[in-house]
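The sequence shown begins at 47 in our numbering and counts up one residue at a time. Ideal Cβ positions, reconstructed from N, Cα and C, are used throughout, including at glycine. Nothing here was measured: the structure is a model prediction, and the numbers come from that model.
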Amino acid sequence: MKKSLNKSEIDLLIDKSIDKIPFEMRKIKFILFVVKIVNKHKIKKDHFIKIVLFFYIIYTLYYFFIK
47 MKKSLNKSEI
57 DLLIDKSIDK
67 IPFEMRKIKF
77 ILFVVKIVNK
87 HKIKKDHFIK
97 IVLFFYIIYT
107 LYYFFIK
């Protein structure tokens, strides 16, 4: 029988798995995610660079101050 996990166990597993992924790798995945969204909505190149930088800064601040 499968044992169901409660929310705290799931959160703990997620935290452990996230810590195993290097920060640089997560940064790249995040930027690729933003690029995919921007391409989907056909945004101009100059706006694209601003959007990627904006999200990158937010993500970096989140990682260093909240984590």
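Distance from the CA atom of residue 77 to the CA atom of residue 92, rounded to whole angstroms, is 16 Å. Annotated as proximal: residue 80 and residue 97, with beta-carbon spacing under 8 Å. In the three-state scheme derived from DSSP, where H, G and I count as helix and E and B as strand, residue 93 is classed as helix.
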